[in-house]
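*Asks:* Here it is, the structure in full.
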Amino acid sequence: MTDWEAILAEHGRLVWQKAWRLLGNHADTSDCFQDVFVSAMECAKRQEVRNWPALLRTLTNARALDRLRSRIRRRDHFDEPADIGTLASEERSPAQRAESNELTDHLREALSQLPAQQSEAFCLRFFEGMSYAEIAVELHITSNAAGVLIHRARGKLQSLLVNDASSYDARFRGLHFDSTSVVPPHSEARPDIIPL
Amino acid sequence: MDDDHTSSVTLDAAIDAMRDIPAPDGPPPELVQRTLHRLRGPAPVPMRNNWRMSPNWKILAVAASVLFCAAVIAILLTWGPGANTSYAQIQHEIETAQSVTFTAITEEKGVRHVSRVMLKQPGLMRVESADGIVTTTNFESGKILAIYPTAKKALAIDLNNRPGFMTPRNFLDELKKVIATNAAPLGRKKENGQTLQGFRFTRDGNSQDIWIDPATKSPVRIDVRGPNNTVVMSWTDVAFNKPLADALFTTTAPSDYALSQSEAAVTVIGKWPTEKNLLTGLELAARHNNNIFPGKLDDVSARLIKQSKATGPPTPQIIEVMQNIGLAAAFESMMPPDSGYEYAGQGVQLGDSQTPICWWRPQDKRTWTVIYGDLSMADEAVRPKARPATNPQPQ
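Quick note, the sequences are listed as chains A and B, same order.
Residue 421 is where the first sequence starts when you use my numbering, and the numbers rise one by one after that.
Residue 143 is where the second sequence starts when you use my numbering, and the numbers rise one by one after that.
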């Protein structure tokens, strides 16, 4: 009998953090968190799980990407909740925060447009630091196939991000942001620095 | 730089940005419990006379946000004017402030709540909860709006029916008054590698510790202490005079949101409205209406407020009644439109075990949850029919 309480206690934080990274808000991360453990339970019914962290990492990426694709499909401007995790850090300047948020938003959107296996392979490679051989084991493919998937994913993502770059640059130039900018007190002219 | 190189740099920057995203502490204990519940299979459905939490967590999360907002309000309301200036530079910065932003951290029964708070003159507040819920309050107009972007739901609360003691204040002004009390030096401490210098401002036995950066003389952290000298709320990442657009504080719901309205005064702090709150509020509303359920919960609230205004400040007992009825009304207000929620208690005698007074269908069920006049609950296969009210409502 699987001791789910112990597994959640030991690995819950790992799943939470990895899901948050891809999803960036509390509601989706919470839903994904539950999906991951339900999927893990189904896996555990089928076969003995020898490496829980590896299984949970792979499942987290897969379920988070599923949710990301679903979210991007139905998204409009109000569907992205403001989350404290992206708001609380004051270590970066508002401009840096805004730029970082913009980049991650674009990457999330681009990832949602990739075929599922490509995006999973990409995340395992670049966010989990797995080798081609490890990815091959996780996705039940050959190492060569993993390499091809990642190469294609990277090319597609570059293309998608560049397409967004012109509008992205224009928006930031319009706000006169730079990494050293200091926001003057009582300025009503630049409300955009408070991320929504 | 060629296009390939540019796109590669952009992708690498995006990967780095995503790797560096700070995740809040988690998973929250309640999420772990919910997950364990799912893994262990559905619990048996409790029947009559059992209290149950609503499964509609997203809706309750709206309530939590609103109530957290109320907690912020209440704690800030404990602050009042004082006498002498003890630290001119802090006082000057706060006195001239047009806005303040901070991360508010509270802990209740071991559960830590973190929210981002923005205050702006005159009387505007915005609270962004870790649940992704945004609550905006305009203390001048007495309006509160809570929105849950993912669920596209919004709850509007009108505080104009509040008891007299709950007069909205400009909270930034309250902070300015606190700073005018006598301060006791707390010395210096190191926190996260940063040296902080502290001052304690005390009024009516409650105190606030304001910690400043000695280099800039700006407050960076404020600990609000309760009657037992325990910290009830901490403000971190405090920043004054950030430009904040008025649009951040709008109390108008986006047009494509499902909007619920409430005239209730939401004054209970740190509690989530549950079915138990609904039942408590229903019972109190009936008891303060000659043991007959009123036409609306707000009817009793409005009458009690009117009486309080005529006779002076409400007693603690009346305040408690108001709070409980307010929570019940908040629970009602947050029922989703497709729940089929209906209240039909008008004229029903408290204790009538045969007459249903309200009902709704939970999102994950085919049965109807029904509350009867004796405040028992049951799951029924068929939606009850409201009976016409026969008894006049006492005045």
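Even for Gly, the Cβ is constructed at its ideal location relative to N, Cα and C.
All values derive from a computational prediction rather than experimental measurement.
Measuring only between beta-carbons, confirm whether Arg545(A) sits less than 7 Å from chain B.
*Replies:* No, Arg545(A) does not count as interfacial toward chain B.
*Asks:* Quick check on Ser257(B): buried or exposed, where buried means 16 or more other Cβ atoms within 10 Å of its Cβ?
*Replies:* By the neighbour-count rule (16 or more Cβ atoms within 10 Å), Ser257(B) is buried.
*Asks:* Just to confirm before moving on: does the CB-CB distance between Thr392(B) and Lys285(B) stay below 7 Å?
*Replies:* Result no, Cβ atoms of Thr392(B) and Lys285(B) do not sit closer than 7 Å.
*Asks:* Compare the C-beta of Leu577(A) with all C-beta atoms of chain B and state if any pair is closer than 7 Å.
*Replies:* By this cut-off, Leu577(A) is an interface position.
*Asks:* For Ser563(A), which of Ala541(A), Arg466(A) and Met421(A) has the nearest alpha-carbon?
*Replies:* Of the listed residues, the one whose Cα sits closest to Ser563(A) is Ala541(A).
*Asks:* Along chain B, in chain order, which residues have C-beta atoms closer than 9 Å to that of Met461(A)?
*Replies:* Result: Arg180 and Leu181.
*Asks:* Per DSSP, which residues does Glu270(B) bridge with? Please list them.
*Replies:* Arg258(B) and Val276(B).
*Asks:* Using beta carbons (cut-off 7 Å, strictly below), is Val174(B) in contact with chain A?
*Replies:* Chain A, which has a Cβ nearer than 7 Å to the Cβ of Val174(B), makes this yes.
*Asks:* Round the Cβ separation of Leu544(A) and Thr478(A) to the nearest angstrom and send it over; I've been treating them as touching at under 8 Å.
*Replies:* The pair is a contact, with the Cβ atoms about 7 Å apart (cut-off 8 Å).
*Asks:* Around the C-beta of Val524(B), are 16 or more other C-beta atoms found within 10 angstroms, so that it is buried, or is it exposed?
*Replies:* Per the 10 Å Cβ criterion, exposed.
*Asks:* Is Leu469(B) closer than 7 Å to Gly437(B) when the C-beta atoms are compared?
*Replies:* The answer is no: Cβ separation not under 7 Å.
*Asks:* Give the residues of chain A in contact with Thr177(B), contact being defined as C-beta atoms less than 7 Å apart.
*Replies:* Chain A residues near Thr177(B): Leu428, Phe453, Gln454 and Phe457.
*Asks:* Where does Ala502(A) sit, in a helix, a strand or coil, going by DSSP?
*Replies:* Annotation note: pLDDT 38 at Ala502(A) (below 50); position unreliable, coordinate value reported separately. Coil.
*Asks:* 7 Å is my cut-off, CB to CB: does Gly567(A) come that close to chain B?
*Replies:* It does not; no Cβ of chain B falls within 7 Å.
*Asks:* Return the chain-ordered list of same chain residues with a C-beta closer than 7 Å to the C-beta of Trp472(A), the five sequence neighbours on each side being excluded.
*Replies:* Excluding positions up to five away in sequence, the list reads Ile427 and His431.
*Asks:* What is the DSSP secondary structure of Tyr399(B), reduced to helix, strand or coil?
*Replies:* Coil.
*Asks:* With a threshold of 7 Å between beta carbons, is Arg477(A) in contact with chain B?
*Replies:* No, Arg477(A) lies away from the interface with chain B (no Cβ there is under 7 Å from its Cβ).
*Asks:* Quick one: give me the first and last residue of the alpha helix (DSSP H) that Thr449(A) is part of.
*Replies:* Unbroken alpha helix (DSSP H) run through Thr449(A): His446 to Arg466.
*Asks:* Compare the C-alpha of Ala482(A) against each of Gln467(A), Asn445(A) and Lys438(A) and name the closest.
*Replies:* Nearest C-alpha to Ala482(A): Lys438(A).
*Asks:* In this structure, does DSSP put Val524(B) in helix, strand or coil?
*Replies:* DSSP places Val524(B) in coil when its eight states are reduced to three.
*Asks:* Leaving out five residues on either side along the sequence, give the residues of the same chain with a beta carbon under 6 Å from the beta carbon of Ser539(A).
*Replies:* Once the five neighbours on either side are set aside, the close Cβ partners of Ser539(A) are Leu485 and Leu531.
*Asks:* What residues match up with Arg330(B) in a beta bridge as DSSP calls it?
*Replies:* Answer by DSSP bridge pairing, in chain order: Gln339(B).
*Asks:* Helix, strand or coil for Val366(B) per DSSP?
*Replies:* Val366(B) falls in the strand class under three-state DSSP.
*Asks:* Name, please, each residue of chain A whose Cβ falls closer than 8 Å to the Cβ of Gly265(B).
*Replies:* Result: empty, since nearest Cβ-Cβ is about 17 Å, beyond 8 Å.
*Asks:* According to the neighbour-count rule (16 or more other Cβ atoms, all chains shown, within 10 Å of its Cβ), is Asp423(A) buried or exposed?
*Replies:* By the neighbour-count rule (16 or more Cβ atoms within 10 Å), Asp423(A) is not buried but exposed.
*Asks:* Listing by chain order, which chain B residues have their CB less than 9 Å from the CB of Arg574(A)?
*Replies:* Going along chain B in sequence order, the residues near Arg574(A) (Cβ under 9 Å) are Ser150 and Leu153.
*Asks:* For the beta strand (DSSP E) holding Pro498(B), just list the boundary residues, first then last.
*Replies:* Counting along the chain, the beta strand (DSSP E) containing Pro498(B) begins and ends at Pro498 to Trp502.
*Asks:* Measuring straight from C-alpha to C-alpha, what distance separates Val174(B) and Cys463(A)?
*Replies:* Going from the Cα of Val174(B) to the Cα of Cys463(A) covers about 19 Å.
*Asks:* Do you know how far the Cα of Phe244(B) is from the Cα of Asp388(B)?
*Replies:* Those two C-alpha atoms are separated by around 17 Å.
*Asks:* Tell me where the beta strand (DSSP E) around Leu287(B) begins and ends.
*Replies:* Leu287(B) -> beta strand (DSSP E) spans Lys285 to Tyr290.
*Asks:* Rounded to a whole number of angstroms, what is the C-alpha to C-alpha distance between Lys359(B) and Leu434(A)?
*Replies:* Roughly 39 Å between the two C-alpha positions.
*Asks:* Could you check whether the Cβ of Ser532(A) sits closer than 7 Å to any Cβ belonging to chain B?
*Replies:* Not an interface residue.
*Asks:* How would you label Asn431(B), buried or exposed, when you count the other beta carbons within 10 angstroms and need 16 or more for buried?
*Replies:* By the 10 Å Cβ count, Asn431(B) comes out buried.
*Asks:* Based on Cα-Cα distance, which residue from Asp440(B), Ser481(B) and Gly489(B) lies nearest to Asn466(B)?
*Replies:* Here the closest residue by C-alpha is Asp440(B).
*Asks:* Along the alpha helix (DSSP H) that carries Thr422(B), what are the first and last residues, could you check?
*Replies:* From DSSP, the alpha helix (DSSP H) with Thr422(B) extends over Glu417 to Arg429.
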